[in-house]
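In this note's numbering, the protein residues as written are 29 to 103.
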């Protein structure tokens with residue numbers, strides 16, 4: 029069915045409603061692209077931050093943990 033057949037059978041209003049629905053569909057998907065890209069960037073940043081925090085937390089301590097009792101105090 030061509031555009032002219034739809035226009036002749038259902039009228040201008042139906043054709044305009046269909047065209048409006050298609051345009052709205054395309055606009056919503058175009059508006060979605062920046063949000064998806066922002067989510068991807070946020071995901072990469074959170075993965076890197078998680079890896080850094082995991083590496084820092086899993087390393088053994090470089091020095092004594094309790095600094096109050098590690099030195100000998102003269103009597």
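Each residue gets a CB set at the ideal place from its N, CA and C atoms; glycine is no exception.
What distance in whole Å lies between the Cβ atoms of residue 42 and residue 51, which are believed to be in contact at a cut-off of 8 Å? In fact, because the Cβ distance is near 15 Å, the residues do not count as touching under 8 Å.
Taking residue 86 as part of the alpha helix (DSSP H), name the residues at either end of that continuous run. 40-86
Just the Cα atoms here: how many angstroms apart are residue 89 and residue 66? 37 Å
Classify residue 37 as helix, strand or coil using the three-state DSSP reduction. helix
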